[in-house]
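Colleague: Sharing a structure with you now.
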Amino acid sequence: MAKLKGVELLIMSLYYKKTTPLIKRLLFFSFPILSDNELDKLLDNYPIILENVPDKNEIVQLKILLFFLNTRVGCSLFFKSLNSAKQLPDEKILSFFEKNLQSQIMLKRKAAFNILSILGVLITRSNNIATKKLWKSMKYDYDINQSSYKYSPNKYSGKEVDVAVIGSGAGGGVAAGIISSSQRKVSIFEKSKELIESESSVAEGEAYSELYESNGLAQARGSGALLLAGSTLGGGTTINWTTSFETPQKIRDQWDKIAKINNIFTSDEFSCSIQEVLSRINVNSESNVIPLKERKLKEGLESMNISTKSMPRNVIGCDGNDCGFCGFGCINESKQSTKKTWIEDAKNNGSDIYTDVLVDSLNITKGRASSINIYRNSQKETIEVNDVILSAGALNTPNILRKSGYRNKHLGNNLKLHPVSGVIAEFNEAQKPWLGSMQGIYSDDFLYRKDDYGYIIEGLPLHPGLFIPFFSSLFSLDKYEFLNSYPNWSGAIVLTSDSGGGKVRYNNKGPVWHYKLNQFDNENLLHGLGNICRAYEAAGAKKIVVSSSPNLLWDRNSNISFDKFTEDIESISYKPYNLAIGSAHQMGSARIGSDKETGVCDENGKVHGLENVYIMDGSTFPRCSGVNPMVSIESISHYLSTKFIN
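Note that our numbering has the sequence shown beginning at 1, numbered continuously upward.
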């Protein structure tokens, strides 16, 4: 086995040696201010990034493509050049991306899209001299620190467990806090580390690899949607942008109807759970100074008679004025994550917290989970349990049940993402798009635009990790000008209520997530993008860019009319890889329903057909929440865990 591993490592080393020349040439094409030595420093991360992509089948396809493109034949066929990969002329590279990103053939669009994604990730997920040079050229006023995150040691004891809570985020953290307040002994299992925020310095590149699911590289097959989810003690609440909406009443009504259960989400008890959550995590709109980066958005929207509101945030002692790095961990410890609140309650109630322990599956006999299978330091162990609370999130909870042999036609289906796409705009005045509340304002005027589905417009923090990868095909802009003007750009997103759904699956190489944007949701998304563009134009933007693929650009000094620009936006196809989309909200993949024909778990969160297994996380949503779901997840978990102990 060791010999085979050595052979595999040799093959891997030879592969990256062979494919590095093209990546290096493309990096220089995209970022010509970098020296040869600085490019080499970036390339140190090239193997790490590719090997950490969770969908191994997708990455094999990309590896084959990159290998072929590094050959003379590949350069000739794809770049129409007789030069080697490292000597490709700029015009040939430009032609390759422009033609393939606009191709009618999905595989060609996907190839160009994925290569650009790698370049964007390489440049923003590194932490070296190349990154520092770029940040300086962009006037990104932020110090990069090496080895900036500090963690608590694993305290795993290996003893038998009464109530096993699997996951520590908005679902698991609340469940642990509530259940531990009864006579039950709770053990929290978190597959990742516990961040010591007070001893850490935030760093964007490191944050994605340290605090996010699958190193921040998870994507959905069929769309290339970037899936951002927390993977640390506190889960998504640790890296959440502090945006805190309670579940809208109309959504609660629909949840009852879809679940075919009367008076559950519309009940007084659920309303009480919402209020308990809002109070415990200190949700308020007063701790929010509208940041400079969103004032133009507010001005433009209100000039169009689109209302804006101050974003509710779950913080204590922070107005966001001098911050803007919540997505990388709250070093001021102001954010009221589950780690700061419900998990602290669980600790005080005597709960055990086990980090760096992956729960892989349950051992189910006669409709009951007798034990859980865990991996610690790559070693498999089995632990006996009395009850199991699954709170691993919508991307992972279904696969734990599938690996356990449980089957249900809804399990792993109905995955909702709140697909997001964005717009950036350049102004004459500085916007400092990285500074201030992550999201200072929003507009929900179009939340129920059509058939009770629509979108929200929200402000966007533009750290380089979001700025560069989503707007990497701006070939018509001078690279130096684009980077140097960075402080003058502002951004906003459309958060779409999706009527369609995806799937959560796994194979022998790991998890696989599927998602395609349907035409109905795409229309709502484009409507929102158009409104943001109109708002920025009304507020005096010099340039406006949409995160389509390739990026659409409007320049006030160009011959392209603004009407033509918005028409082009509205005509973007819903077919894959025409629009760069992301998701920080994953929901609905093990939804609540009255019986196994309508859902995976019942009104108590108990999995249909299992005696002692419950689900308490965002996967229980009957449909998407329509708004950022953290409070909704905590409310459902509070409601279900309260029923559990009663």
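Note that beta-carbon positions come from the ideal geometry of N, C-alpha and C, so glycine has one too.
1) I'd like to know whether the C-beta atoms of L211 and T232 end up nearer to each other than 7 angstroms.
2) Unbroken beta strand (DSSP E) runs of length 3 or more, entirely within the stretch 528-573: which are they?
3) For S95, report the span of its beta strand (DSSP E) as first-last.
4) Is the CB-CB distance between S485 and E426 below 7 angstroms?
5) What are the uninterrupted segments assigned as alpha helix (DSSP H) that are 4 or more residues long and contained completely in the stretch 34-74, given in chain order?
6) Within 10 angstroms of its Cβ, does S637 collect 16 or more other Cβ (buried), or is it exposed?
7) Out of Y406, S351, P398, state which residue places its alpha-carbon closest to the alpha-carbon of K366.
8) In the structure shown, what three-state DSSP assignment does E8 receive?
9) Just the C-alpha distance for L62 and N114, rounded to the nearest angstrom, thanks.
10) Pick helix, strand or coil for D162, following the three-state DSSP scheme.
11) Taking just the CA atoms, how far does I264 sit from W135?
12) If we count the other Cβ atoms within 10 Å of its Cβ and call it buried at 16 or more, is T247 buried or exposed?
13) Just curious, the alpha helix (DSSP H) that Y649 is in, first and last residue?
14) Pick helix, strand or coil for T338, following the three-state DSSP scheme.
15) Going by Cα to Cα distance, which pick from S267, K260, I569 is closest to G599?
16) Could you tell me the alpha carbon to alpha carbon distance between D387 and D352, rounded to whole angstroms?
17) With a threshold of 16 other CB atoms inside 10 Å of the CB of N524, please say whether the residue is buried or exposed.
18) What are the residues that DSSP puts in a beta bridge with Y354?
19) Quick one, which of L466, E611, Y639 has its alpha-carbon nearest R125's?
20) Can you tell me the Cα-Cα spacing of L65 and F471, whole angstroms?
21) Which residues in the same chain as S287 place their Cβ atom closer than 7 angstroms to its Cβ, once the five residues preceding and following it in sequence are excluded?
22) Between S209 and the rest of its own chain, which residues show a CB-CB distance below 7 angstroms, the 5 nearest in sequence each way excluded?
23) Is the CB of I343 under 7 angstroms away from at least one CB in chain C?
24) Rounded to a whole number of angstroms, what is the C-alpha to C-alpha distance between S473 and S76?
25) I'd like the list of long-range same chain contacts for M630, defined as Cβ closer than 7 angstroms, with 5 residues on each side in sequence excluded.
26) Evaluate Y480 with the Cβ neighbour count: other Cβ atoms within 10 Å of its Cβ, from every protein chain shown; 16 or more gives buried, anything less gives exposed.
27) Y448 lies in the beta strand (DSSP E); which residues open and close that run?
28) Excluding the five sequence neighbours on either side, which residues of its own chain have a C-beta within less than 6 angstroms of the C-beta of G324, listed in chain order?
29) Check this for me: beta carbons of A539 and G224, under 7 angstroms apart or not?
30) Does DSSP classify A425 as helix, strand or coil?
31) Between S490 and G454, is the Cβ-Cβ spacing less than 7 angstroms?
32) Compare the beta carbon distance of I400 and A394 with 7 angstroms and say whether it is the shorter of the two.
33) Check L579 in the structure and name its three-state DSSP category.
34) Considering only the alpha carbon of each residue, which of I49, I331, I468, N262 lies closest to S594?
35) Straight-line CA distance for A650 to E603?
36) Please determine, among V202, N518, F31, the residue with the shortest C-alpha to C-alpha distance to E333.
Modeller: So, from the listed chains and residues:
1) yes
2) 543-546, 552-555
3) Not the beta strand (DSSP E): S95 falls in the alpha helix (DSSP H), residues 90-101.
4) yes
5) Counting only runs of 4 or more residues that sit fully inside the stretch 34-74, the alpha helix (DSSP H) segments are 36-43, 46-52, 56-69, in chain order.
6) By the 10 Å Cβ count, S637 comes out buried.
7) Y406
8) helix
9) 8 angstroms
10) strand
11) 50 angstroms
12) buried
13) Any property of residue 649 remains undetermined from this structure, which presents the chain solely from 1 to 646.
14) coil
15) The residue from S267, K260, I569 with its alpha-carbon nearest to that of G599 is K260.
16) Computed Cα separation, rounded: 15 angstroms.
17) buried
18) F189
19) L466
20) 23 angstroms
21) R313, V315, C318, D319
22) R125, N215, G216
23) Judged by its chain identifiers, the structure shown contains no chain C, having just a single protein chain.
24) 22 angstroms
25) A170, G236, T237, N240, S244
26) Exposed, because fewer than 16 other Cβ atoms sit within 10 Å of the Cβ of Y480.
27) Segment: none, Y448 is in no beta strand (DSSP E) and carries neither H nor E.
28) Cβ neighbours of G324 beyond the five flanking positions: W434, L435, G436, P461.
29) Result no, Cβ atoms of A539 and G224 do not sit closer than 7 angstroms.
30) DSSP places A425 in strand when its eight states are reduced to three.
31) Between S490 and G454, the CB-CB gap reaches or exceeds 7 angstroms.
32) Against a cut-off of 7 angstroms, the Cβ pair of A394 and I400 comes out as no contact.
33) strand
34) Out of I49, I331, I468, N262, the CA that lies nearest to the CA of S594 is found in N262.
35) This structure gives no information on residue 650, because the portion of the chain shown stretches from 1 to 646.
36) V202
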